[in-house]
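Peer 1: This is the structure I have questions about; it appears just below.
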Amino acid sequence: MTVFQYVNGGPKYKLNESVVYFFSDRHEDEYFRVGDENSYISEKTLHSSCRDSIDPLTLNDLYQATNLCTLMIFHFDKLPQDLFLKLRLLRILDFSHTSIMELPSSVRNLKGLRYLNLSGTPVTTLPKSLCSLHELQTLKLKGCFKLVDLPKGMRKLSNLRHLDVDVARLLVSMPPGLGDLTELQTLLAFVVGKENGCHLTELEHMVNLHGDFHILRLENVSCSEEAKKADLGRKYYLNKLELQWTELQDGFEILQSLQPHTKLKELQIVGYGDAKFPSWIGDPNFSKLFSITLHDCRKCGLLSPLGKLPFLKSISISEMHEVEIIDHRFCGRDLELESMEYLRKLDLGTPYEDLSADDAFKAFPKLESLTLNGLPKLKTWTGMVEGDFPHLQKLNIFGCSELVALPQLSLLNSLQTLEVRLCPLLKSYPKDGLPNSLHYLVIIDCPLLKE
1 MTVFQYVNGG PKYKLNESVV YFFSDRHEDE YFRVGDENSY ISEKTLHSSC
51 RDSIDPLTLN DLYQATNLCT LMIFHFDKLP QDLFLKLRLL RILDFSHTSI
101 MELPSSVRNL KGLRYLNLSG TPVTTLPKSL CSLHELQTLK LKGCFKLVDL
151 PKGMRKLSNL RHLDVDVARL LVSMPPGLGD LTELQTLLAF VVGKENGCHL
201 TELEHMVNLH GDFHILRLEN VSCSEEAKKA DLGRKYYLNK LELQWTELQD
251 GFEILQSLQP HTKLKELQIV GYGDAKFPSW IGDPNFSKLF SITLHDCRKC
301 GLLSPLGKLP FLKSISISEM HEVEIIDHRF CGRDLELESM EYLRKLDLGT
351 PYEDLSADDA FKAFPKLESL TLNGLPKLKT WTGMVEGDFP HLQKLNIFGC
401 SELVALPQLS LLNSLQTLEV RLCPLLKSYP KDGLPNSLHY LVIIDCPLLK
451 E
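Letter by letter, the sequence shown follows residues 1 to 451 in the UniProt record's numbering.
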């Protein structure tokens with residue numbers, strides 16, 4: 001029986017119904033709260049908690065509860081070495097947001113442990129003995145900012161379903177053999193190791209991953225073949241994918257090989273170092289994609305054609321230092337309007353008005369929020385036609401130090417908020433003015449801008 005079950009839509013869990021029934025049906029003598037004078041402990045006590053700071057010696061009272069299944073401690077600095085020698089039947093153990101710095105190696109005695117929560121603690125490593133807990137289903141390490149290593153024998157945790165490691169800044173690699181845990185449903189972060197570390201190929205058979213997934217240190221991927229073997233296209237239950245390089249380097253073929261399934265909802269790309277993005281970014285077959293973030297892709301000078309993504313609601317583009325123009329290609333059009341006018345003059349039998357509408361195509365049909373931040377070489381923004389951005393409500397333009405003119409904002413009939421900051425060469429508003437729908441206007445550090 002799985003104690004915790006995955007909840008669709010994010011990294012959340014719910015107790016199995018039978019477990020909920022078990023807790024709700026318990027008798028008073030089955031629960032003991034440490035430090036509570038009205039609470040009593042006995043051999044019948046199954047569940048215990050401690051919410052207040054107490055003397056560690058007080059925990060000795062727990063040793064009477066030889067059948068204790070649940071222990072939750074919320075204020076503590078150090079665990080007694082013999083705690084797990086006395087309480088061998090624990091199944092749920094929660095030390096989250098305490099100050100404990102290490103887990104005693106005696107944790108090996110908890111053969112029936114199903115759930116271990118160390119989230120928000122200052123632990124740096126975990127004992128090797130943890131890998132002998134073959135019944136463990138959930139290991140939560142969320143917000144463990146000082147964590148530098150995971151035990152190498154984690155491949156032995158064959159029943160593990162949820163490995164909740166969201167902050168992996170200090171980890172240099174996942175433990176080797178992690179790919180053996182094919183039943184994993186939650187793996188918030190995967191750190192690619194170097195030659196002797198955990199390679200991206202470990203992900204090949206992890207087809208049950210759900211929710212959010214963050215791959216870090218992609219600069220350690222040796223070739224596109226390794227990226228292909230990660231087989232992200234078969235991770236059908238992923239909703240959000242973040243791909244991150246921590247060292248700026250070429251990675252076109254790597255990113256091209258990391259194409260996820262087309263039902264993905266959120267995509268973030270950080271630290272990508274090539275001059276352009278692969279074609280799958282902007283492919284309209286990604287019909288569920290509603291959010292895209294492109295950050296710190298400093299060498300990339302060409303934005304992907306995102307305009308045909310049918311459900312895209314939010315775009316954030318920041319620290320892309322080589323982007324000089326935003327034009328028709330960003331909207332997903334192949335020809336500039338000037339080229340269409342030239343075709344009309346050749347009398348190909350198609351009116352210019354129809355061509356300019358691109359067969360009634362409206363770029364960014366669902367987009368509500370667009371942020372451009374830190375594009376220091378951006379000079380012009382063109383290619384917008386009537387009907388584009390029909391639902392855009394919020395537009396932020398920050399840190400575009402060479403931008404001299406705003407696009408034709410009067411076409412944005414749904415725009416409510418416009419913020420422009422740190423654009424020192426911006427001289428004027430669009431000649432057609434601002435849209436009547438605008439409610440909130442902020443202009444900061446644009447000294448040349450005149451009405």
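A virtual CB, placed ideally from N, CA and C, is assigned to each residue, including glycine.
Are His47 and Thr70 closer than 8 angstroms when you measure CB to CB?
Peer 2: yes
Peer 1: Report the option in Glu319, Lys228, Ser437 and Ser279 whose CA atom is closest to the CA atom of Lys308.
Peer 2: Ranking the options by Cα distance to Lys308, first place goes to Ser279.
Peer 1: Going by beta-carbon coordinates alone, are Leu130 and Val165 separated by less than 8 angstroms?
Peer 2: With contacts defined by Cβ atoms closer than 8 angstroms, Leu130 and Val165 do not form a contacting pair.
Peer 1: Is DSSP giving Ile92 helix, strand or coil here?
Peer 2: Note: Ile92 maps to strand in three-state DSSP.
Peer 1: Spatial neighbours of Gly387 within its chain, please: C-beta separation below 6 angstroms, excluding the five flanking residues on both sides.
Peer 2: Lys362
Peer 1: Report back the beta-carbon spacing between Asp274 and Asp250 to the nearest angstrom; my notes put them in contact at under 8 angstroms.
Peer 2: 5 angstroms
Peer 1: Check whether the Cβ atoms of Gln256 and Gly233 sit closer than 8 angstroms, and answer yes or no.
Peer 2: no
Peer 1: In three-state terms, what does DSSP make of Met384?
Peer 2: coil
Peer 1: For Leu68, which residues of its own chain have a beta-carbon under 7 angstroms away from its beta-carbon, when the five flanking residues on both sides are left out?
Peer 2: Same-chain partners within the cutoff: Thr45, Leu46, Ser48, Leu62, Leu87, Leu89 and Leu90.
Peer 1: Beta-carbon within less than 8 angstroms of Phe290's beta-carbon, same chain only, minus the 5 sequence neighbours each way: which residues are those?
Peer 2: Lys265, Glu266, Phe311, Leu312, Lys313, Ser314 and Lys366
Peer 1: Using only the alpha-carbon positions, how far apart do Gly197 and His439 sit?
Peer 2: 53 angstroms
Peer 1: According to DSSP, is His261 helix, strand or coil?
Peer 2: coil
Peer 1: By the three-class DSSP mapping on this structure, what secondary structure does Glu195 have?
Peer 2: Glu195 sits in coil when the DSSP states are folded into three classes, being neither helix nor strand.
Peer 1: Among Leu200, His205 and Leu93, whose alpha-carbon lies nearest the alpha-carbon of Cys223?
Peer 2: Leu200
Peer 1: What number of angstroms, rounded off, separates the C-alpha of Met384 from the C-alpha of Cys331?
Peer 2: 7 angstroms
Peer 1: Quick one, are the C-beta atoms of His205 and Tyr237 less than 8 angstroms apart?
Peer 2: no
Peer 1: Is it buried or exposed for Leu441, if we count other Cβ within 10 angstroms and need 16 for buried?
Peer 2: Its Cβ having fewer than 16 others within 10 Å, Leu441 is exposed.
Peer 1: In chain order, which continuous runs of the alpha helix (DSSP H) of length 4 or greater are located wholly inside the UniProt domain "R13L1/DRL21-like LRR repeat region" (200-320)?
Peer 2: 224-229 and 252-257
Peer 1: By a C-beta neighbour count over all protein chains shown, 10 Å radius and 16 as the cutoff for buried, is Asp212 buried or exposed?
Peer 2: buried
Peer 1: How should Ser437 be labelled, buried or exposed, when 16 other C-beta atoms within 10 angstroms of its C-beta is the threshold for buried?
Peer 2: That one is exposed.
Peer 1: Please state whether DSSP places Asp166 in a helix, a strand or coil.
Peer 2: coil
Peer 1: Where does Glu322 fall in DSSP's three states?
Peer 2: coil
Peer 1: Given a threshold of 16 other Cβ atoms within 10 Å of its Cβ, counted over all protein chains shown, does Gln185 qualify as buried or as exposed?
Peer 2: With 16 or more other Cβ atoms within 10 Å, it is buried.
Peer 1: Using DSSP's beta-bridge definition, name the partner residues of Pro72.
Peer 2: Note on residue identity: the sequence assigns Met, not Pro, to residue 72. DSSP links Met72 through a beta bridge to Ser49 and Asp94.
Peer 1: Using 8 angstroms as the threshold, is the C-beta distance between Leu422 and Phe389 below it?
Peer 2: no
Peer 1: Using the Cα positions of Pro80 and Arg298, report the straight-line distance between them to the nearest angstrom.
Peer 2: Cα to Cα, the separation comes out at about 50 angstroms.
Peer 1: Below 6 angstroms CB to CB, which residues in the same chain sit around Ile326 once its five sequence neighbours on both sides are set aside?
Peer 2: Trp381
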